[in-house]
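First comes the structure, then the notes that go with it.
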Amino acid sequence: MPTAHPKRINGLFSIVKSQINHWQLWNGRFVAHSIVQFFLQFKKVYFDVFNTLAYLTLMFLLLSISKVKEVVKITPVSYLLLFIFLWFYLPEIGKSVLWVSGSGNYLWTSVIYLTYFKCIISIANREISNLKGIGIMILGFLAGACNENSSPALLLMAFLYLIIHYPYISKGTIFGLGSLFTGGLGFLLMIKSPGSQKRGGMALNFDVLKNNFRLILDSLIQNYWLIYILIIILLIILVIKKVQLSIETVSLLSILVIGHFASTFALVLSPETPKRTFFGAVLFIGIVLFSLINILNQRIRKSVFVISLLLMILFVQSYLSVNNDLTKSFKEVSNQYSILYDAPQNSDVMLPLLSTPKTDYNAYQLTSNVKTDPNDWFNRWMAVYFEKKTITGY
Numbered sequence: 001m002p003t004a005h006p007k008r009i010n011g012l013f014s015i016v017k018s019q020i021n022h023w024q025l026w027n028g029r030f031v032a033h034s035i036v037q038f039f040l041q042f043k044k045v046y047f048d049v050f051n052t053l054a055y056l057t058l059m060f061l062l063l064s065i066s067k068v069k070e071v072v073k074i075t076p077v078s079y080l081l082l083f084i085f086l087w088f089y090l091p092e093i094g095k096s097v098l099w100v101s102g103s104g105n106y107l108w109t110s111v112i113y114l115t116y117f118k119c120i121i122s123i124a125n126r127e128i129s130n131l132k133g134i135g136i137m138i139l140g141f142l143a144g145a146c147n148e149n150s151s152p153a154l155l156l157m158a159f160l161y162l163i164i165h166y167p168y169i170s171k172g173t174i175f176g177l178g179s180l181f182t183g184g185l186g187f188l189l190m191i192k193s194p195g196s197q198k199r200g201g202m203a204l205n206f207d208v209l210k211n212n213f214r215l216i217l218d219s220l221i222q223n224y225w226l227i228y229i230l231i232i233i234l235l236i237i238l239v240i241k242k243v244q245l246s247i248e249t250v251s252l253l254s255i256l257v258i259g260h261f262a263s264t265f266a267l268v269l270s271p272e273t274p275k276r277t278f279f280g281a282v283l284f285i286g287i288v289l290f291s292l293i294n295i296l297n298q299r300i301r302k303s304v305f306v307i308s309l310l311l312m313i314l315f316v317q318s319y320l321s322v323n324n325d326l327t328k329s330f331k332e333v334s335n336q337y338s339i340l341y342d343a344p345q346n347s348d349v350m351l352p353l354l355s356t357p358k359t360d361y362n363a364y365q366l367t368s369n370v371k372t373d374p375n376d377w378f379n380r381w382m383a384v385y386f387e388k389k390t391i392t393g394y
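Be aware that the sequence shown starts at 1, since it is given in the UniProt record's numbering, and climbs by one per residue.
What follows is the structure, encoded as structure tokens:
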């Protein structure tokens, strides 16, 4: 439980105060949870609108970074393919994109650290204004404090990109290196929070690390083997088509591959590895995949278009199934809220339990909700928030 007397968030000052408590008691992701608590002050429709814009921004960033030197332009087919790719490969979309808390921790933070990486690419070995440089250093601080595995991997990627771009005398590179310092500070502030130390503490020895490494490797192979095979096939096609990649493109794609594996195997130090922690890793390898797709799309456009149509059929089938699951949960949750709003203040309320969700696209799968025990922490929080005496599930 948090503080002894939980209160509603109301205004920026209360968010700052809440994040200090959160940093001390739970974890150090103050960037992500500030976003979450900001949106929790308003009706959900506002979050839905801005969350959609964040998702579209993520798509733009992914395709923008994947527009390497050999790509003339990004076609509408690339947007369609990327949408389908994210639908099938973003881990636990329900908890990483649709859920307010999960979206703040994964979708919104990915927009922050990919924007930072895009800035690093744009300023390396270039002259920039002091104001822009300071802005990038602030962005670096935020990117470093996004989460425990994607942030350090992203900082590693930014470092590698900067050191391969000589000389270091440009303002862009100097401010870029400075942003790595502020990013490191942000990461340390997050990872060294008292709450993170309490929750993440575990005995590390060779057997634990070996077991975690094996679990992560198995998860990568099980969930992303098709992506790896597709990348290899696309590289073979590039060789057959005699397409030469520039050193800059090869360097960028190599850095992204390093970031992909760094963000996943950093989890060997974590006591738990839910699927959604692979969110950043999917984005990094996705940029590699779409860089190659965008290069080949200019040469085998008809084939890419036909493949897109076939994949669209698979997407529609998947969406219809997911939509049924989400609609059922939406109706059940709406019923719970209706009962809560209609019940008198300081009363004992009985709520029907939610049925078990069927897909990872459902935010209510394996997340906390009302239990049969009125003393369960979630029931107690809900009772305080809705000003009820007790809430009991049945």
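Glycine included, every Cβ here is placed at the ideal spot set by N, Cα and C.
Using a Cβ-Cβ cutoff of less than 8 Å, which residues in the same chain neighbour residue i once the five nearest sequence positions on both sides are dropped?
{"i": "G28", "result": "A145, L189, M190, I191, K192, S193, G195, S196"}
{"i": "residue 396", "result": "Outside the displayed range of the chain (1 to 394) lies residue 396, so it cannot be described from this structure."}
{"i": "M312", "result": "L80, I84"}
{"i": "I112", "result": "V31, L139, L142, A143, C146"}
{"i": "Y394", "result": "M350, L351, P352, L353, T372"}
{"i": "F187", "result": "G144, A145, S151, P152, L155"}
For residue i versus residue j, is the C-beta distance shorter than 8 Å?
{"i": "F39", "j": "V100", "result": "yes"}
{"i": "S179", "j": "M137", "result": "yes"}
{"i": "F279", "j": "Y106", "result": "yes"}
{"i": "S103", "j": "R276", "result": "no"}
{"i": "G176", "j": "I255", "result": "no"}
{"i": "I9", "j": "Q37", "result": "yes"}
{"i": "K371", "j": "N379", "result": "yes"}
{"i": "L253", "j": "V288", "result": "yes"}
{"i": "G183", "j": "L155", "result": "yes"}
{"i": "V49", "j": "T249", "result": "no"}
{"i": "L292", "j": "L114", "result": "no"}
Kindly list the residues whose CB is nearer than 6 Å to the CB of residue i, restricted to its own chain and excluding five residues on each side of it in sequence; keep chain order.
{"i": "I174", "result": "none"}
{"i": "T367", "result": "none"}
{"i": "I164", "result": "S251"}
{"i": "A281", "result": "H260, S263, T264"}
Going by DSSP, name the residue or residues bridged to residue i.
{"i": "G393", "result": "L351"}
Short of 7 Å in beta carbon distance, which residues of its chain neighbour residue i, apart from the five on each side in sequence? Order them along the chain.
{"i": "M1", "result": "Its pLDDT being 47, under 50, M1 is placed unreliably by the model, and the measurement read from it follows with that caveat. Same-chain partners within the cutoff: W377."}
{"i": "F386", "result": "L340"}
{"i": "C119", "result": "I136, L139"}
{"i": "G94", "result": "D360, Y361, N362, A363, Q365"}
{"i": "K241", "result": "R299"}
Against chain D, with Cβ distances strictly below 8 Å, would residue i count as a contact?
{"i": "I134", "result": "Of the protein chains in this structure there is only one, and it is not chain D."}
Which residue from the options puts its Cα closest to that of residue i?
{"i": "E92", "options": "L310, P274, T392", "result": "P274"}
{"i": "Y116", "options": "I134, N105, S129", "result": "I134"}
{"i": "K358", "options": "T327, P344, N379", "result": "T327"}
{"i": "E70", "options": "Q244, N205, I9", "result": "Q244"}
{"i": "S110", "options": "L292, A143, L131", "result": "A143"}
{"i": "V257", "options": "S150, L25, K371", "result": "S150"}
{"i": "W87", "options": "G286, F206, A158", "result": "G286"}
{"i": "L131", "options": "P152, G172, V16", "result": "G172"}
{"i": "N346", "options": "M382, Q336, L114", "result": "M382"}
Tell me whether residue i counts as near the ligand ATP, meaning its Cβ is closer than 7 Å to at least one heavy atom of that ligand.
{"i": "E248", "result": "With respect to the ligand ATP, the structure shown offers nothing to examine, as it has no ligands at all."}
How do the stretch 311-323 and the stretch 337-351 stand: do at least 3 beta-carbon pairs fall below 8 Å, yes or no?
no
Does the stretch 39-50 come within contact of the stretch 204-214, defined as at least 3 CB pairs closer than 8 Å?
no
Check whether the stretch 231-238 touches the stretch 259-277, counting contact only when three or more Cβ pairs, one atom from each stretch, lie closer than 8 Å.
no
When you compare the stretch 290-304 with the stretch 67-76, are there three or more beta-carbon pairs, one atom per stretch, that lie closer than 8 Å?
yes
The stretch 78-90 / the stretch 29-38 touching (three or more Cβ pairs under 8 Å):
Here the stretch 78-90 makes no contact with the stretch 29-38; the two share fewer than three CB pairs at distances below 8 Å.
Check whether the stretch 250-264 and the stretch 50-64 touch, using three or more Cβ-Cβ pairs below 8 Å as the test.
no
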